[in-house]
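Right, one structure below, let's go through it.
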Amino acid sequence: MKIVVAFNAFKGSLSPVQAGYHFIKGWNSRRKSDEVIHFPIADGGDGTLEVWKYHFGGQIEYVDAHDPLMRPIKVPVLVDDNWAMFAMADVSGLALINDEQRDARKTTTYGMGEVIASLVKRGIKDITISVGGSATVDGGIGLLLPLGFPIHTDGYKLKPEGQLLLHVKDIDIPRNLGLNITVLSDVDNPLVGGMGAAVVYGPQKGLSEEDIPVFDEALNKWGRLVEEKAGVSILGKPMYGAAGGVSVALHLLGSVKTVSGIEFLLAKANFSEKIKGAHVLFTGEGKIDRQTFMGKAPYGVAQAFKKITGGKVIGIGGRVEHEEIDWGVFDSAFTLVCGPVSVRYAMNHADRLMRDIAFSLAGMF
Numbered sequence: 084m085k086i087v088v089a090f091n092a093f094k095g096s097l098s099p100v101q102a103g104y105h106f107i108k109g110w111n112s113r114r115k116s117d118e119v120i121h122f123p124i125a126d127g128g129d130g131t132l133e134v135w136k137y138h139f140g141g142q143i144e145y146v147d148a149h150d151p152l153m154r155p156i157k158v159p160v161l162v163d164d165n166w167a168m169f170a171m172a173d174v175s176g177l178a179l180i181n182d183e184q185r186d187a188r189k190t191t192t193y194g195m196g197e198v199i200a201s202l203v204k205r206g207i208k209d210i211t212i213s214v215g216g217s218a219t220v221d222g223g224i225g226l227l228l229p230l231g232f233p234i235h236t237d238g239y240k241l242k243p244e245g246q247l248l249l250h251v252k253d254i255d256i257p258r259n260l261g262l263n264i265t266v267l268s269d270v271d272n273p274l275v276g277g278m279g280a281a282v283v284y285g286p287q288k289g290l291s292e293e294d295i296p297v298f299d300e301a302l303n304k305w306g307r308l309v310e311e312k313a314g315v316s317i318l319g320k321p322m323y324g325a326a327g328g329v330s331v332a333l334h335l336l337g338s339v340k341t342v343s344g345i346e347f348l349l350a351k352a353n354f355s356e357k358i359k360g361a362h363v364l365f366t367g368e369g370k371i372d373r374q375t376f377m378g379k380a381p382y383g384v385a386q387a388f389k390k391i392t393g394g395k396v397i398g399i400g401g402r403v404e405h406e407e408i409d410w411g412v413f414d415s416a417f418t419l420v421c422g423p424v425s426v427r428y429a430m431n432h433a434d435r436l437m438r439d440i441a442f443s444l445a446g447m448f
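The number in the numbering used here is simply the position in the sequence shown, starting from 1, with 83 added.
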């Protein structure tokens with residue numbers, strides 16, 4: 084039998100690669116003769132660079148930059164010759180600040196500009212950015228500051244914070260950086276409106292009810308300005324609402340292509356060829372819930388596997404909300420924990436629990 088093991092991160096316990104490793108170890112302890120394809124996945128959060136390094140090689144280096152609140156931070160960057168990749172979550176992400184610090188009027192993408200500037204200085208012009216898990220709603224304007232873009236305001240002092248977006252009147256493009264940027268996104272939201280960046284994601288980033296329409300209008304004006312300056316179409320297009328509209332500013336740096344993160348990974352890593360003849364896919368993440376089925380990596384890989392092979396799809400999560408599962412794609416789903424244990428215990432022993440459930444599942448085939 085041929086199986087495919089494709090896990091996202093189990094946040095706080097197992098990276099995508101680690102989750103697959105322990106599952107395969109448990110499976111092989113019972114079924115040594117099966118062909119096993121290990122295909123770790125990610126959607127911009129924990130383990131994204133590790134997954135890309137696993138599939139495509141390169142070296143992870145660290146760049147000095149600033150987090151969403153302008154505190155010094157070292158940002159991991161995957162580099163391979165003239166190409167580089169980094170995750171927005173690692174430099175301007177929600178995970179870098181605590182709940183009390185969530186305030187999109189203050190948080191900025193300045194650090195992303197520092198990372199890009201560092202890569203440009205090295206002569207790297209082909210850059211991939213995974214934009215999941217951001218803490219910002221600044222339309223990417225913050226990242227333009229360390230790159231030297233002259234920004235004209237209504238008199239508001241230029242400083243790296245989200246509310247700078249509310250005061251922009253014009254911007255100059257000092258030089259053509261000529262970058263080729265691929266943005267990996269797993270949400271289809273447009274920049275503005277009822278499904279836009281401020282309305283949908285603003286509350287979780289600290290915007291108040293009063294702030295939301297103000298930021299929505301500011302993003303609309305910013306989008307129109309960049310459309311004019313860069314000669315591109317932004318407003319009304321899908322995916323520009325991801326990560327607080329950061330893709331808008333990236334258009335001022337060169338050519339930008341925004342694509343589904345999981346679809347891009349599957350295509351680039353030749354998933355369809357690797358899974359030919361496979362009978363079962365095992366996929367999952369820390370929590371399989373409604374969010375999983377709104378474009379996250381496990382759902383994307385499950386849909387692709389089902390379409391290509393017609394085989395069985397089995398989900399595994401630290402927590403599973405069965406009522407939220409798309410049973411047209413998933414055939415069954417299991418939790419790692421089979422008894423009454425604490426969350427702390429489960430997270431501290433996730434490696435053994437993964438091996439145990441793999442061993443048990445192997446006995447069913």
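Glycine included, each C-beta is placed from N, C-alpha and C at the ideal position.
- Look at Pro155 here: in three-state DSSP terms it is strand.
- DSSP places Arg435 within a helical segment (H, G or I) once states are collapsed to three.
- Residue pairing of Asp253 in beta bridges, as defined by DSSP: His235.
- Pairwise C-beta distances place the segment 158-175 in contact with the segment 203-214, as three or more of them are shorter than 8 Å.
- Of the candidates Asp182, Tyr382, Ile143 and Arg402, the residue whose Cα lies closest to the Cα of Ala218 is Asp182.
- Contact between the segment 287-302 and the segment 227-234 is absent: fewer than 3 CB-CB pairs across the two stretches fall below 8 Å.
- Within the segment 348-386, the complete alpha helix (DSSP H) runs of at least 4 residues fall at 354-357.
- Assigned with DSSP and collapsed to three states, Ile143 falls in strand.
- Pairwise C-beta distances place the segment 134-147 in contact with the segment 155-162, as three or more of them are shorter than 8 Å.
- The shortest CA-to-CA distance from Gly196 to any of Ser96, Leu260 and Met430 is the one to Leu260.
- In terms of CA proximity to Ser201, His149 leads the group Leu364, His149 and Asp269.
- The beta-carbon distance between Leu364 and Ala102, rounded to whole angstroms, is 14 Å. This is too long to meet the 8 Å contact definition.
- Ranked by Cα distance from Thr366, the first of Met437, Glu118, Ala172 and Ile264 is Met437.
- As the crow flies, the alpha-carbon of Ala92 is around 44 Å from that of Asp237.
- Taking C-beta separations shorter than 6 Å and ignoring five residues to either side along the sequence, the partners of Ile207 in its chain run Asn165 and Ala167, following chain order.
- At a Cβ-Cβ threshold of 8 Å, Ala281 and Leu248 do not count as neighbours.
- For the set Ser415, Thr392, Gly411 and Lys395, the Cα lying nearest the Cα of Val403 is the one of Ser415.
- At the C-beta level, Ile345 and Ile120 stay beyond 8 Å of one another.
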